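Participant: For the sequence shown, our numbering begins at 4 and goes up steadily by one.
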Amino acid sequence: MTFEEARALFPVLERVAYLNAGTFGPLAEPTRRALAEQAHRDAGEGRAGKPYFDELLELRTGLRTAIAGLLATSPERVALTSSTTDGCNIVLAGLGLQPDDEIVTTDAEHFGLAGPVFASGATVRVAGVQQRGPDEILEAVLEEVTPRTRLLAVSHVYWTTGVVLDVHALEQRTAVPILVDGAQSVGAIPVDVGALDFYTVSGQKWLCGPDSTGALYVADPDSLRVARPSYFAQESFEPGGRFVPRPGAQRFDSGWIPMGSLRGLGAALGVAPDWRFERIAEIAGVCREKLAASVEVVTPPGQAGLVTFRPHGDAAEVAARLFERGVVVRDLPRTPWLRASCGWWTSDEDVRRLVAGL
Ligand SMILES: Cc1ncc(COP(=O)(O)O)c(C=O)c1O
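(1) Would you tell me roughly how many angstroms separate the C-alpha atoms of Pro224 and Leu210, rounded to the nearest one?
(2) Under three-state DSSP, which class holds Arg128?
(3) CA-CA distance, Ile140 and Gly329?
(4) Taking the alpha helix (DSSP H) that Gly243 belongs to, which residues open and close that run?
(5) On a Cα-Cα basis, can you pick out the residue from Trp259, His315, Pro339, Val300 that is closest to Arg63?
(6) Can you confirm whether the segment 303 to 317 touches the segment 336 to 356 when touching is taken to mean that 3 or more C-beta pairs between the two stretches lie within less than 8 Å?
(7) Which two residues bound the contiguous alpha helix (DSSP H) that contains Glu105?
(8) Strictly by DSSP, which residues pair up with Ala20?
(9) Spatial neighbours of Ser77 within its chain, please: C-beta separation below 8 Å, excluding the five flanking residues on both sides.
(10) If you follow the beta strand (DSSP E) that Gly217 is in, where does it begin and where does it stop?
(11) Give the straight-line distance between the Cα atoms of Ala46 and Leu199, rounded to the nearest whole angstrom.
(12) Ligand 1 and His315: does any heavy atom of the ligand fall closer than 6 Å to the residue's C-beta?
(13) Just to confirm my understanding: we take Arg67, look at its own chain, exclude 5 residues before and 5 after, and list those with CB closer than 7 Å. What are they?
(14) Under three-state DSSP, which class holds Val183?
(15) Could you check what DSSP says for Thr203 in three-state terms: helix, strand or coil?
(16) In the DSSP assignment, find the unbroken beta strand (DSSP E) run with Thr76 in it and report its ends.
(17) First and last residue of the alpha helix (DSSP H) that includes Val160?
(18) What is the DSSP secondary structure of Gln134, reduced to helix, strand or coil?
(19) Counting only runs of 3+ residues fully inside the segment 293 to 360, write out the beta strand (DSSP E) ranges in chain order.
(20) Tell me where the alpha helix (DSSP H) around Gln41 begins and ends.
(21) Does ligand 1 have even one heavy atom less than 6 Å from the beta-carbon of Ser123?
(22) Does the beta-carbon of Ser188, which I'm using as the reference point, lie nearer than 6 Å to any heavy atom of ligand 1?
(23) Do you know offhand how far Ala122's Cα is from Leu30's?
(24) Along the chain, where does the alpha helix (DSSP H) that runs through Ala11 open and close?
(25) Identify whether Ala198 lies in helix, strand or coil by the three-state DSSP scheme.
(26) Can you tell me whether Ala51 is helix, strand or coil according to DSSP?
(27) For Thr349, which residues of its own chain have a beta-carbon under 6 Å away from its beta-carbon, when the five flanking residues on both sides are left out?
(28) Going straight from the alpha carbon of Ala11 to that of Phe114, what length do you get?
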C-alpha cells in the first residue's frame, strides 16, 4: 500500500487535518463498512441462532489472535476488553490490594489508569514527573519503590508530554509486578510485552477501531483473581456450586462486544500498513520541527506519535479556533499545552495546516 492509498482509506482526511488519534483514530472506509453491514444484518436477520453465536465466538478468537500479534505474545494471554480503563480495573480489582500494600504510579497518568489505582484500596505513592524526560521518569518511579510495593502502574507513552518510558528497563530494575497503560503506544510504536506483567490496549485510538474496543495482556492468568467475571469467564458453572474459570486470559474478557465492533476492529487492523511505525516516527519528527520554528515544543525528539506544544494564547481557545479551520488537535487539561497526534496517515500538508492555523 502506498501512502496515497493509505490516506484514501480515511474519508475524514479529505476535509480535515485530523491530528486526533490520541483520542480517537480516524475510521477507515472498510471499518465503517464492517460496522454498517453488521448493523444492517443484525436489524434484518436478528441477533439470534447458533450460527450467529458461533460466528461471534469465531470473531473473538480471530481478534484475540490478531491483538496477540500486535503485542508479540500468544492469544492465551490476551483478554478482550472495552478499553484501557476496563483493563486497568480488571487488574486492580483482581489483585485485591489492601491499605498496607503500595502502588507506585506517577502524577502524569491518565485517569484511565489513575482512577483504578486510587480506587484499589492500596496506598498510592506518586512520583512527580510532570514535564520530565524518559530517564528522569524512570528514576523518579524507582525512588518511590519500597518493600511494600506490590505494583508499578505507569504509561508506555505519556498522554500529556508524549514521552516514551522504557518500561522494560523499569521492569528489569525491580522485582515488582508492572501494569503498563498502552493506550498511546499500541498502534503508534512497536510493542513487545516481553517480561511485563499486564499491558492494556485501546482499540479506538492508534488502531483506528470502533469505540469501546480494547484488550488486556496478562502474563500469568492463573495468578490474577477473576474479580469481575463476565459470561466469557466460565469454563463451567454449576448453579449453587462451583465456578471454574476458562484457561488463559479469556477468563478476564469483560463482556459482549457487538459483532459489528469485532468486525470493525478486525477491518481496522487489516488495513494498517507494514510501514506504519516508520511513518509515524518520521511525520512526528517533521511536526516537531515545523512547530519549533514558532512555538515551544514540549515533546522531546524521537518519541512516539504525540507532539505536545505550547501555543501563543489560551490552549482551549486555540484548539477551538483550529477546529473551525479544519485542524483537529486537543488541549490538555491543567496545562497551557496542545497535543497533535501524528498517524501513519498524516501528511506534510496536515502539519503545514496546523502550523499555519496557529
Ligand atoms: C494514557 C491513556 N490512558 C488511558 C486512556 C483511556 O483510554 P480508554 O478510553 O481506552 O480507557 C487514555 C485516553 O485518552 C490515555 O491517553
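In this text, a Cβ means the ideal position worked out from N, Cα and C, and glycines have one as well. All figures in this text were calculated on a predicted structure; none of them were measured in a lab.
Facilitator: Reading from the atomic positions:
(1) Numbered from its first residue, the sequence shown carries residue 224 at position 221. Numbered from its first residue, the sequence shown carries residue 210 at position 207. The straight-line gap from Cα to Cα measures roughly 25 Å.
(2) Position 125 of the sequence shown, counted from the first residue, corresponds to residue 128. The DSSP-derived three-state label of Arg128 is strand.
(3) Locating residue 140 in the sequence shown gives position 137, counting from the first residue. Locating residue 329 in the sequence shown gives position 326, counting from the first residue. Cα to Cα, the separation comes out at about 35 Å.
(4) Within the sequence shown, numbered from 1, the residue matching residue 243 stands at position 240. In the DSSP assignment, Gly243 falls outside any alpha helix (DSSP H), carrying neither H nor E.
(5) Locating residue 63 in the sequence shown gives position 60, where the first residue counts as 1. Minimum Cα distance to Arg63 is reached at Trp259.
(6) Judged by Cβ distances under 8 Å, the segment 336 to 356 makes contact with the segment 303 to 317, as three or more pairs qualify.
(7) On the sequence shown, position 102 is the one that residue 105 refers to. Note, Glu105: premise wrong, no alpha helix (DSSP H); beta strand (DSSP E) at 105 to 109.
(8) Taking the first residue of the sequence shown as 1, we reach residue 20 at position 17. In the DSSP output, where bridge partners are listed per residue, Ala20 has Val330.
(9) Against the sequence shown, residue 77 aligns to sequence position 74. Excluding positions up to five away in sequence, the list reads Ala71.
(10) Here the question's residue 217 lines up with position 214 in the sequence shown. Residue range 217 to 221 is occupied by the beta strand (DSSP E) that includes Gly217.
(11) As a working note, residue 46 is residue 43 in the sequence shown. As a working note, residue 199 is residue 196 in the sequence shown. Cα-Cα distance, rounded: 42 Å.
(12) For the purposes of this step, residue 315 is taken as the residue at position 312 of the sequence shown. Checking the Cβ of His315 against ligand 1 gives no.
(13) Taking the sequence shown and counting its residues from 1, one reaches residue 67 at position 64. Pro78, Val81, Leu83.
(14) Walking along the sequence shown from the start, residue 183 turns up at place 180. It is a strand residue.
(15) Mapped onto the sequence shown, residue 203 falls at position 200. DSSP places Thr203 in strand when its eight states are reduced to three.
(16) Here residue 76 refers to the residue found at position 73 of the sequence shown. Thr76 -> no beta strand (DSSP E), and no H or E assigned at all.
(17) Position 157 of the sequence shown, counted from the first residue, corresponds to residue 160. Counting along the chain, Val160 falls outside any alpha helix (DSSP H), and DSSP gives it neither H nor E.
(18) For this step, residue 134 is matched to residue 131 along the sequence shown. The DSSP-derived three-state label of Gln134 is coil.
(19) For the segment 293 to 360, the full-length beta strand (DSSP E) segments reaching 3 residues or more read 309 to 313, 341 to 344 along the chain.
(20) As a position in the sequence shown, residue 41 is number 38, starting the count at 1. Its alpha helix (DSSP H) spans residues 32 to 48.
(21) As a position in the sequence shown, residue 123 is number 120, starting the count at 1. Ser123 Cβ: outside cutoff for every heavy atom of ligand 1.
(22) Here residue 188 refers to the residue found at position 185 of the sequence shown. The answer is no for Ser188.
(23) Here residue 122 corresponds to residue number 119 of the sequence shown, with the count starting at 1. Here residue 30 corresponds to residue number 27 of the sequence shown, with the count starting at 1. Straight-line Cα distance between these residues: approximately 33 Å.
(24) Mapped onto the sequence shown, residue 11 falls at position 8. Looking at the DSSP string, the run of the alpha helix (DSSP H) that includes Ala11 is 6 to 11.
(25) Numbered from its first residue, the sequence shown carries residue 198 at position 195. Coil, per DSSP.
(26) Walking along the sequence shown from the start, residue 51 turns up at place 48. Coil at Ala51, not helix or strand.
(27) The residue labelled residue 349 in the question sits at position 346 within the sequence shown. The residues are Ile286.
(28) Here residue 11 refers to the residue found at position 8 when the sequence shown is read from its first residue. Here residue 114 refers to the residue found at position 111 when the sequence shown is read from its first residue. Rounded to whole angstroms, the separation of the alpha carbons of Phe114 and Ala11 is 34 Å.
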